[in-house]
Structure formats: C-alpha cells, structure tokens
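Heads up, the thing below is written out as structure tokens.
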Amino acid sequence: MLGDLTVTQSRDECWKDKVKPPIIPSSALFLGVGDASSESLGNSACVLCKKSEPWLLIDCGHDTITSYKRAFSNQLPSHVFITHLHYDHIGGLEQLFFKAALSGQKVRLYVPVLLVQQLCAMLRYTQLSEGKADVWNTFILHPISESFWHQGVKLWVYPVRHHAPNSAYALHLPGVVFYSGDTRPIPELLTHTATGAEIIFHDCSVNGNPSHSGIDDLLREYPASILEKIWVYHYHSEQEQSAFKRAGLKFVTPFTMVSLGENQQR
C-alpha cells in the first residue's frame, strides 16, 4: 500500500515537472496598421509579445516578414494566426515558407477550420525544387474550430462581419487582448465576450464600408465602457489620425508597443 502511494506521488511529481507554466503575452507590437491600399502604414499585422520577445504573429501580409525581421533581430516567426484570406493579410506566407524552408525552420500555422480548404488551394503551387518540398513540409497546419492552446494559454476564435459569412475571424485571450481582424462593428460579440480588462484592437478607418468599420460606426454601436478600451488600426493614412483624436479614439502606429491586460498603464 505504502509502495503504491509512493509510486503515485512520484508520478505526480514527474507530471508537475513536465507541465510548463503558461506564458501570457504582456504587450503587442503592430508591424503595420494600414488598409489594403495604404502605401505608408504597412499591411496590418500584430505580434503579441512576452517581455519584448515574439509570442504569436497575427496575419502575414506582403511586407510583414521584412518588418518582423527588422523588429526581432532578423528572426522569422515560428507561430502565426490567420484572421482571413485577403492578400494583405496572407500575402507574406509564400515568402515565409521560402525563408523558413531554406533555413530548416518549422512554422506552426493556426487557421480557422472553414478557411483551411481555400488556403490550401491558394498555396498549392508554393514549393521548392530544392529538397522536393512543398509548403506543408514546412508549415505545421493547426485547424481551429472555436479555440486553441498556445504556450499553455487558451485562445478563442469568433467569426466576425467582413465580406462574407464565416470568412474572417477575431482572436481573443480573455482579460488580455481582443483582436477584431477586418470587420464591421460587432457589439453583439464584444458585449458577451469582453471581460473589461482586455485591450481591444479594432478595425477602423475614417469612413466605413460594407466590409470595414468607420469612426461613426464605432461611436454609434459601442458603449463608452468598450470605446475606452479600443485602439483602432487598419486605416489608410497618417492624416486620418487627427480624426481619431477628435473622436476620442486611441489609435495604433507602426512599431509602437502597447501594453496588454494587467500591464496596461492606469
């Protein structure tokens, strides 16, 4: 009996040694904040960071890899979440594949499950003659339904209002960060999911359209308790920043670090 108890305790201790504590991001760095036609602000992409080190890249546009390497000492991203399949958000995946494959690096790609088939079709001709390798020899595809685990942390994924139903998704780490992706206002979602502690990064330009939010849209759809947590991104030019200021909206700029969750400045 005592021997069995000793074995059980030993197993428990071994299990505790193997379970790593969760690594929770403490800041966000936007590599770009522009819309698809912005020439100066870069493709919208965000790196969640822990102690200034990359934790998870959100989206990978045409210029994202160049900006990522500039920000993180020539590193390549090892984990990427994709919000949707417009090219200003995935146009850099081919470049990432080439650089990662030639350096022998694997990249985990978190993709909402309803986007997987189309993404596979879009990348089907992406391959290297060296080593006879295609993209899935380098990218580790992780299809997501409602949630996924990363670095010991559970993140949630929600469909948003962009272009067509189930074509774009938000990413949420409760109490830390909510990233809207490209979307119209989603009060029905934020009202029921946001805890009040997280930073909300929200698509917004001066004027909205059927696929994107505008200033008037946010002011009309969200209560003050949510507006005060919002930082807008995915806008067209620096000239729009003055309009955000007049509306009382905070905005993100390229290569500026924003503190998350309990690390926010009060």
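Numbers in the numbering used here are just positions in the sequence shown, counted from 1, shifted up by 1482. Don't be surprised by glycine CBs; every beta carbon is placed ideally from N, CA and C.
Exercise. So what does ASN1525 bridge to, in DSSP terms?
Worked result: GLY1516
Exercise. Among ALA1518, LEU1511, LEU1653, which one has its Cα closest to the Cα of TRP1631?
Worked result: LEU1653
For this session: Can you tell me which of the three DSSP states ARG1748 falls into?
Result: The predicted position of ARG1748 is uncertain, since its pLDDT is 40 and thus under 50; a value taken from the coordinates is nonetheless stated next. If DSSP states are grouped into helix, strand and coil, ARG1748 belongs with coil.
Exercise. Given a threshold of 16 other Cβ atoms within 10 Å of its Cβ, counted over all protein chains shown, does TRP1497 qualify as buried or as exposed?
Worked result: With a pLDDT of 47 at TRP1497, under the threshold of 50, the predicted position of this residue should be treated as unreliable, though the coordinate-derived value follows. Per the 10 Å Cβ criterion, exposed.
Exercise. What separation, rounded to the nearest whole angstrom, lies between the Cα atoms of GLU1710 and PRO1692?
Worked result: 24 angstroms
Exercise. By a C-beta neighbour count over all protein chains shown, 10 Å radius and 16 as the cutoff for buried, is CYS1602 buried or exposed?
Worked result: exposed
Exercise. Hey, which unbroken runs of the beta strand (DSSP E) at 3 residues or more fall wholly within the stretch 1567 to 1645?
Worked result: 1589 to 1594, 1621 to 1626, 1629 to 1632, 1635 to 1641
Problem set entry | Euclidean distance between Cα positions of LEU1637 and SER1629 | 6 angstroms
Problem set entry | Proximity below 9 angstroms, CB of PHE1660 to CB of ILE1626 | no
Exercise. Mind checking whether VAL1593 and ILE1547 have CB atoms under 9 angstroms apart?
Worked result: no
Exercise. What is the C-beta distance between SER1519 and HIS1694, in whole angstroms, given that I count them as a contact (C-beta under 8 angstroms)?
Worked result: Actually they do not touch by this definition, with Cβ atoms about 12 angstroms apart.
For this session: Could you tell me the boundaries of the beta strand (DSSP E) in which SER1741 lies?
Result: 1739 to 1741
Problem set entry | Distance between beta carbons of LEU1511 and CYS1542, contact taken as under 8 angstroms | About 14 angstroms; that fails the 8 angstroms criterion.
Exercise. Between which two residues does the alpha helix (DSSP H) harbouring GLN1669 extend?
Worked result: The question names Gln, but residue 1669 in the sequence shown is Pro. Where PRO1669 is concerned, the enclosing alpha helix (DSSP H) stretches over 1669 to 1675.
Problem set entry | Inter-residue spacing [alpha-carbon to alpha-carbon] between ALA1729 and ASP1570 | 27 angstroms
Exercise. Taking C-beta to C-beta, are ARG1666 and ASP1699 nearer than 9 angstroms?
Worked result: yes
For this session: Starting from the Cα of HIS1716, find the closest Cα among GLY1690, LEU1701, TYR1640, LYS1727 and give me that residue.
Result: GLY1690
Exercise. Is PHE1683 helix, strand or coil when you go by DSSP?
Worked result: strand
For this session: Specify the secondary structure class of GLU1473 as computed by DSSP and reduced to three states.
Result: This structure does not reach residue 1473, given that the chain is present from 1483 up to 1748, and the question cannot be answered.
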